[in-house]
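When we follow the working numbering, the leftmost residue of the sequence shown carries the number 30, and every step to the right adds one. Everything below concerns the one structure shown next.
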Amino acid sequence: MKHSIENEKFRVEVKEAGAELCSIKSLTSDKEYIWQADPEIWGSSAPVLFPNIGALKEGCYKFEGETYQLPKHGIIRNNPKVKLANHTPSRMSFMLTHDEDTLKQYPFEFEFKINFLLMDNKLQVFHEITNIGKNPMYFSLGGHPAFNCIWEEDETLTDYYIEFEKKETAGISVLSDRGLLLKEEVPFLVNTNKIPLTKNLFDNDALIFTDLHSSEVSLKSKKNKTQIKMNYQDFPFLGIWSKPNAPYVCLEPWNGLADYEDSNQEWLAKIGNHKLMPGNTYYASYQIQVIEPK
30 MKHSIENEKF RVEVKEAGAE LCSIKSLTSD KEYIWQADPE IWGSSAPVLF
80 PNIGALKEGC YKFEGETYQL PKHGIIRNNP KVKLANHTPS RMSFMLTHDE
130 DTLKQYPFEF EFKINFLLMD NKLQVFHEIT NIGKNPMYFS LGGHPAFNCI
180 WEEDETLTDY YIEFEKKETA GISVLSDRGL LLKEEVPFLV NTNKIPLTKN
230 LFDNDALIFT DLHSSEVSLK SKKNKTQIKM NYQDFPFLGI WSKPNAPYVC
280 LEPWNGLADY EDSNQEWLAK IGNHKLMPGN TYYASYQIQV IEPK
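Put into C-alpha coordinates, the structure is as follows:
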(Lines of atoms letter the chains of each structure in order from A; the text may use other names.)
(Lines give C-alpha, C1' and ligand atoms only; values in the text may rest on other atoms or scores of the structure.)
Protein backbone atom coordinates (compact mmCIF):
# COMPACT_ATOMS: atom_id res chain seq x y z
CA MET A 30 0.00 0.00 0.00
CA LYS A 31 1.17 3.51 -0.84
CA HIS A 32 0.32 6.78 0.89
CA SER A 33 0.76 10.25 -0.51
CA ILE A 34 1.03 13.92 0.32
CA GLU A 35 1.08 16.80 -2.12
CA ASN A 36 0.97 20.53 -2.64
CA GLU A 37 0.64 22.69 -5.75
CA LYS A 38 4.18 21.71 -6.87
CA PHE A 39 4.90 18.09 -5.94
CA ARG A 40 3.30 14.80 -5.03
CA VAL A 41 5.21 12.45 -2.71
CA GLU A 42 4.42 8.74 -2.28
CA VAL A 43 5.68 6.35 0.40
CA LYS A 44 5.17 2.59 0.57
CA GLU A 45 3.79 1.55 3.93
CA ALA A 46 5.94 -1.60 4.04
CA GLY A 47 9.34 -0.36 5.10
CA ALA A 48 8.22 3.30 5.01
CA GLU A 49 10.02 3.52 1.67
CA LEU A 50 9.92 6.77 -0.27
CA CYS A 51 8.92 5.73 -3.80
CA SER A 52 7.97 8.91 -5.64
CA ILE A 53 8.68 12.62 -5.79
CA LYS A 54 6.78 13.78 -8.85
CA SER A 55 6.58 17.32 -10.13
CA LEU A 56 3.02 18.46 -10.82
CA THR A 57 4.44 21.20 -13.03
CA SER A 58 6.79 19.28 -15.31
CA ASP A 59 5.36 15.76 -14.73
CA LYS A 60 8.90 14.50 -14.05
CA GLU A 61 9.55 11.66 -11.61
CA TYR A 62 12.68 12.19 -9.52
CA ILE A 63 12.79 8.92 -7.53
CA TRP A 64 14.08 5.70 -9.10
CA GLN A 65 11.10 3.42 -9.76
CA ALA A 66 12.66 0.22 -8.43
CA ASP A 67 13.09 -1.65 -11.70
CA PRO A 68 13.79 -5.20 -10.47
CA GLU A 69 15.89 -5.91 -13.56
CA ILE A 70 18.40 -3.31 -12.33
CA TRP A 71 17.77 -2.54 -8.64
CA GLY A 72 14.43 -3.29 -7.03
CA SER A 73 14.36 -0.58 -4.37
CA SER A 74 13.77 3.17 -4.29
CA ALA A 75 14.81 4.41 -0.85
CA PRO A 76 15.31 1.77 1.87
CA VAL A 77 15.44 2.92 5.50
CA LEU A 78 18.56 1.63 7.27
CA PHE A 79 18.21 0.64 10.95
CA PRO A 80 19.73 -0.61 13.26
CA ASN A 81 22.68 -1.41 10.98
CA ILE A 82 24.07 0.05 7.79
CA GLY A 83 25.47 -2.26 5.16
CA ALA A 84 26.71 -5.74 5.87
CA LEU A 85 27.64 -7.42 9.14
CA LYS A 86 30.58 -9.81 9.18
CA GLU A 87 29.12 -13.28 8.54
CA GLY A 88 25.67 -11.64 8.78
CA CYS A 89 25.69 -11.60 12.56
CA TYR A 90 26.87 -9.80 15.69
CA LYS A 91 27.45 -10.58 19.36
CA PHE A 92 25.84 -8.90 22.34
CA GLU A 93 26.11 -9.95 25.99
CA GLY A 94 27.32 -13.41 25.05
CA GLU A 95 24.57 -14.12 22.53
CA THR A 96 24.82 -14.14 18.72
CA TYR A 97 22.16 -12.43 16.61
CA GLN A 98 21.59 -12.33 12.86
CA LEU A 99 20.61 -9.16 10.99
CA PRO A 100 20.15 -8.73 7.23
CA LYS A 101 22.06 -6.10 5.29
CA HIS A 102 20.67 -2.64 6.19
CA GLY A 103 18.60 -3.97 9.09
CA ILE A 104 14.96 -4.59 9.98
CA ILE A 105 12.96 -1.67 8.56
CA ARG A 106 13.56 -2.34 4.86
CA ASN A 107 10.51 -4.03 3.25
CA ASN A 108 9.08 -4.76 6.70
CA PRO A 109 5.28 -5.25 6.42
CA LYS A 110 4.84 -4.49 10.12
CA VAL A 111 5.71 -0.82 9.57
CA LYS A 112 2.38 1.02 9.78
CA LEU A 113 1.06 4.46 8.97
CA ALA A 114 0.73 6.34 12.26
CA ASN A 115 -0.42 9.78 11.12
CA HIS A 116 -1.47 11.40 7.84
CA THR A 117 -2.25 15.02 7.01
CA PRO A 118 -2.21 16.77 3.61
CA SER A 119 1.47 17.70 4.06
CA ARG A 120 2.83 15.07 6.45
CA MET A 121 3.00 11.29 6.83
CA SER A 122 4.37 9.38 9.81
CA PHE A 123 5.18 5.67 9.91
CA MET A 124 6.07 3.56 12.93
CA LEU A 125 7.57 0.23 13.93
CA THR A 126 7.66 -0.95 17.54
CA HIS A 127 9.69 -3.90 18.79
CA ASP A 128 7.96 -7.27 19.03
CA GLU A 129 8.90 -10.92 19.47
CA ASP A 130 10.31 -11.10 15.95
CA THR A 131 12.52 -8.01 16.22
CA LEU A 132 13.81 -9.07 19.65
CA LYS A 133 15.14 -12.28 18.10
CA GLN A 134 17.29 -10.17 15.76
CA TYR A 135 17.82 -7.02 17.81
CA PRO A 136 17.40 -7.42 21.60
CA PHE A 137 16.28 -3.87 22.38
CA GLU A 138 12.86 -2.40 23.07
CA PHE A 139 12.31 0.56 20.78
CA GLU A 140 9.83 2.74 18.94
CA PHE A 141 10.98 3.79 15.47
CA LYS A 142 9.15 6.62 13.73
CA ILE A 143 9.91 8.22 10.37
CA ASN A 144 8.11 11.33 9.19
CA PHE A 145 7.82 12.83 5.71
CA LEU A 146 6.97 16.54 5.61
CA LEU A 147 6.42 18.34 2.28
CA MET A 148 7.00 22.10 2.31
CA ASP A 149 7.03 23.94 -1.03
CA ASN A 150 9.73 22.09 -3.04
CA LYS A 151 11.38 20.51 0.01
CA LEU A 152 10.81 17.09 1.57
CA GLN A 153 12.01 16.70 5.15
CA VAL A 154 12.66 13.10 6.22
CA PHE A 155 12.66 13.16 10.00
CA HIS A 156 13.51 10.19 12.24
CA GLU A 157 12.56 9.68 15.90
CA ILE A 158 14.01 6.63 17.68
CA THR A 159 12.93 6.08 21.28
CA ASN A 160 14.43 3.62 23.74
CA ILE A 161 11.42 2.26 25.63
CA GLY A 162 13.44 -0.46 27.36
CA LYS A 163 15.24 -0.49 30.70
CA ASN A 164 18.79 -0.67 29.32
CA PRO A 165 20.87 1.39 26.89
CA MET A 166 20.31 0.55 23.21
CA TYR A 167 22.82 0.82 20.39
CA PHE A 168 22.09 1.41 16.72
CA SER A 169 23.02 3.06 13.45
CA LEU A 170 20.66 4.94 11.14
CA GLY A 171 20.78 5.83 7.47
CA GLY A 172 18.88 6.79 4.34
CA HIS A 173 19.26 5.33 0.84
CA PRO A 174 17.17 7.43 -1.60
CA ALA A 175 17.80 6.73 -5.28
CA PHE A 176 17.30 9.60 -7.72
CA ASN A 177 16.63 9.34 -11.42
CA CYS A 178 19.35 11.11 -13.36
CA ILE A 179 18.00 11.21 -16.87
CA TRP A 180 15.63 14.17 -16.79
CA GLU A 181 15.53 15.01 -20.48
CA GLU A 182 15.31 12.76 -23.55
CA ASP A 183 18.54 14.05 -25.08
CA GLU A 184 20.64 13.39 -21.96
CA THR A 185 22.86 10.51 -20.97
CA LEU A 186 24.32 9.46 -17.63
CA THR A 187 27.59 11.24 -18.35
CA ASP A 188 25.81 14.60 -18.54
CA TYR A 189 25.31 14.40 -14.77
CA TYR A 190 27.53 15.17 -11.82
CA ILE A 191 27.52 15.36 -8.03
CA GLU A 192 28.41 18.69 -6.48
CA PHE A 193 29.28 19.39 -2.84
CA GLU A 194 28.71 22.76 -1.23
CA LYS A 195 32.45 23.04 -0.45
CA LYS A 196 35.64 22.00 -2.18
CA GLU A 197 36.81 18.76 -0.62
CA THR A 198 40.02 16.80 -0.27
CA ALA A 199 38.88 13.41 0.90
CA GLY A 200 39.46 9.71 0.39
CA ILE A 201 36.91 6.94 0.13
CA SER A 202 36.68 3.84 2.27
CA VAL A 203 37.10 0.57 0.38
CA LEU A 204 34.64 -2.33 0.47
CA SER A 205 35.63 -5.96 0.03
CA ASP A 206 33.70 -8.26 -2.29
CA ARG A 207 31.71 -9.29 0.80
CA GLY A 208 30.58 -5.71 1.40
CA LEU A 209 32.84 -5.26 4.42
CA LEU A 210 35.18 -2.33 4.98
CA LEU A 211 38.90 -2.72 4.53
CA LYS A 212 41.38 -0.85 6.69
CA GLU A 213 42.49 1.33 3.83
CA GLU A 214 41.37 4.56 2.22
CA VAL A 215 41.84 5.52 -1.42
CA PRO A 216 42.48 9.17 -2.39
CA PHE A 217 39.53 10.45 -4.38
CA LEU A 218 38.71 14.17 -4.10
CA VAL A 219 41.53 16.70 -4.33
CA ASN A 220 40.41 20.29 -3.76
CA THR A 221 37.26 19.86 -5.83
CA ASN A 222 33.54 19.85 -5.22
CA LYS A 223 32.47 17.83 -8.28
CA ILE A 224 32.18 14.12 -9.07
CA PRO A 225 31.25 13.42 -12.73
CA LEU A 226 28.99 10.41 -13.18
CA THR A 227 30.54 7.81 -15.47
CA LYS A 228 29.65 4.30 -16.56
CA ASN A 229 32.38 2.80 -14.37
CA LEU A 230 32.24 5.05 -11.31
CA PHE A 231 30.65 2.36 -9.13
CA ASP A 232 32.45 -0.71 -10.48
CA ASN A 233 33.96 -1.23 -7.02
CA ASP A 234 30.71 -0.56 -5.13
CA ALA A 235 29.78 2.59 -3.18
CA LEU A 236 31.84 5.72 -2.66
CA ILE A 237 31.98 6.04 1.14
CA PHE A 238 33.03 9.35 2.65
CA THR A 239 33.72 9.66 6.36
CA ASP A 240 35.48 13.03 6.58
CA LEU A 241 33.64 15.53 4.37
CA HIS A 242 33.32 19.17 5.41
CA SER A 243 30.15 19.66 3.36
CA SER A 244 26.70 18.98 4.79
CA GLU A 245 24.94 19.54 1.46
CA VAL A 246 25.26 17.76 -1.87
CA SER A 247 23.49 18.22 -5.21
CA LEU A 248 22.75 16.17 -8.30
CA LYS A 249 23.02 18.33 -11.42
CA SER A 250 23.05 18.10 -15.21
CA LYS A 251 25.35 19.95 -17.58
CA LYS A 252 22.43 20.37 -20.00
CA ASN A 253 19.65 21.85 -17.87
CA LYS A 254 19.14 23.89 -14.71
CA THR A 255 17.12 21.36 -12.72
CA GLN A 256 18.85 20.05 -9.61
CA ILE A 257 18.24 17.85 -6.60
CA LYS A 258 19.80 19.09 -3.40
CA MET A 259 20.22 17.11 -0.19
CA ASN A 260 21.10 18.53 3.21
CA TYR A 261 22.43 15.84 5.56
CA GLN A 262 23.87 17.88 8.43
CA ASP A 263 22.63 15.39 11.06
CA PHE A 264 24.67 12.59 9.48
CA PRO A 265 28.51 12.47 9.60
CA PHE A 266 28.99 9.99 6.73
CA LEU A 267 27.80 9.94 3.13
CA GLY A 268 27.54 7.06 0.71
CA ILE A 269 27.08 7.54 -3.04
CA TRP A 270 26.12 4.45 -5.05
CA SER A 271 24.45 3.00 -8.09
CA LYS A 272 24.52 -0.16 -10.09
CA PRO A 273 27.19 0.41 -12.76
CA ASN A 274 25.85 2.37 -15.73
CA ALA A 275 22.31 2.52 -14.27
CA PRO A 276 20.26 5.73 -14.79
CA TYR A 277 20.01 6.62 -11.11
CA VAL A 278 22.27 7.52 -8.21
CA CYS A 279 21.78 7.06 -4.46
CA LEU A 280 22.77 9.83 -2.06
CA GLU A 281 22.94 8.11 1.33
CA PRO A 282 23.26 9.97 4.65
CA TRP A 283 24.59 7.63 7.33
CA ASN A 284 25.60 7.82 10.97
CA GLY A 285 27.16 4.36 10.98
CA LEU A 286 29.14 2.02 8.73
CA ALA A 287 29.31 -1.57 7.60
CA ASP A 288 31.52 -3.94 9.59
CA TYR A 289 35.25 -4.00 8.96
CA GLU A 290 36.79 -7.21 7.62
CA ASP A 291 38.66 -7.66 10.92
CA SER A 292 35.61 -6.90 13.10
CA ASN A 293 35.31 -8.91 16.32
CA GLN A 294 31.53 -8.74 15.69
CA GLU A 295 30.84 -7.26 19.12
CA TRP A 296 27.84 -4.93 18.84
CA LEU A 297 29.23 -2.54 21.46
CA ALA A 298 32.44 -2.14 19.44
CA LYS A 299 30.74 -1.49 16.11
CA ILE A 300 32.00 1.72 14.47
CA GLY A 301 29.33 4.44 14.37
CA ASN A 302 26.82 2.82 16.70
CA HIS A 303 24.93 5.33 18.83
CA LYS A 304 24.13 4.76 22.48
CA LEU A 305 20.63 5.77 23.57
CA MET A 306 19.68 5.71 27.23
CA PRO A 307 16.31 4.38 28.49
CA GLY A 308 13.44 6.81 27.97
CA ASN A 309 15.44 9.01 25.57
CA THR A 310 14.67 9.81 21.93
CA TYR A 311 17.21 10.28 19.14
CA TYR A 312 16.34 12.73 16.37
CA ALA A 313 17.93 13.03 12.93
CA SER A 314 16.69 14.33 9.60
CA TYR A 315 17.77 14.98 6.06
CA GLN A 316 16.13 17.21 3.46
CA ILE A 317 15.57 16.69 -0.26
CA GLN A 318 14.95 19.80 -2.37
CA VAL A 319 13.99 19.62 -6.04
CA ILE A 320 14.79 22.83 -7.89
CA GLU A 321 13.16 23.17 -11.30
CA PRO A 322 13.78 26.15 -13.61
CA LYS A 323 10.88 28.60 -13.78
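Glycine included, every Cβ here is placed at the ideal spot set by N, Cα and C.
Contact set for residue i: own chain, Cβ-Cβ below 7 Å, skip 5 residues either direction
i	result
Ala199	Phe217, Leu218, Phe238, Asp240, Leu241
Glu321	Ser55, Thr57, Ser58, Thr255
Val215	Gly200, Ile201, Val203
Pro118	Ile34
Met166	Phe137, Phe139, Asn160, Leu305
Ser250	Trp180, Glu184, Asp188, Tyr189
Boundaries (first-last residue) of the alpha helix (DSSP H) holding residue i
i	result
Glu129	129-134
Residue i and residue j closer than 9 Å at C-beta
i	j	result
Phe39	Asn150	yes
Leu236	Trp283	no
His32	His116	yes
Tyr311	His303	yes
Asn160	Leu305	yes
Gly72	His173	no
Ser244	Tyr261	yes
Arg120	Leu146	yes
Ser338	Glu95	Limits of the chain in this structure are 30 at one end and 323 at the other, which puts residue 338 out of reach.
Lys91	Glu281	no
Gly171	Val41	no
Pro273	Lys163	no
Phe266	Phe168	no
Residue i: first and last residue of the uninterrupted beta strand (DSSP E) it sits in
i	result
Cys89	89-92
Arg16	A query on residue 16 cannot be resolved here, the shown segment of the chain reaching from 30 to 323 and no further.
His116	112-116
Gln98	95-98
Pro273	Per DSSP, Pro273 belongs to no beta strand (DSSP E) and is neither H nor E.
His303	303-305
Leu146	139-148
Met166	166-168
Ile237	236-238
Ser55	49-55
Arg31	Contrary to the premise, residue 31 reads as Lys rather than Arg in this sequence. Lys31 -> beta strand (DSSP E) spans 31-35.
Arg40	39-44
Phe176	175-177
DSSP bridge partner residues for residue i (one or two, in chain order)
i	result
Met259	Val246, Ile317
Lys282	Note that residue 282 corresponds to Pro in the displayed sequence, not to Lys. Pro282 pairs with Leu267.
Thr310	Thr159
Pro216	Gly200
His102	Answer by DSSP bridge pairing: none, since His102 is not bridged.
Gln65	None; Gln65 has no bridge partner.
Thr221	Glu197
Cβ-based neighbour list, residue i, same chain, cut-off 6 Å, excluding 5 preceding and 5 following
i	result
Ile300	Leu286
Asp317	Note on residue identity: the sequence assigns Ile, not Asp, to residue 317. Once the five neighbours on either side are set aside, the close Cβ partners of Ile317 are Leu152, Met259.
Ile179	Pro276
Lys44	Lys31, Cys51
Same chain only: Cβ atoms within 8 Å of residue i, ignoring 5 sequence neighbours per side
i	result
Asp291	Lys212
Is there contact between the stretch 156-166 and the stretch 134-143, where contact requires at least three CB pairs shorter than 8 Å?
Result yes; three or more Cβ-Cβ pairs closer than 8 Å.
Determine, using beta-carbon pairs with one atom in the stretch 282-299 and one in the stretch 82-97, whether at least three such pairs fall under 8 Å.
Yes, the stretch 282-299 touches the stretch 82-97.
Counting Cβ pairs closer than 8 Å, one from the stretch 184-199 and one from the stretch 209-228, do we hit at least three?
yes
Counting pairs of Cβ atoms below 8 Å between the stretch 109-129 and the stretch 178-190, do you hit three or more?
no
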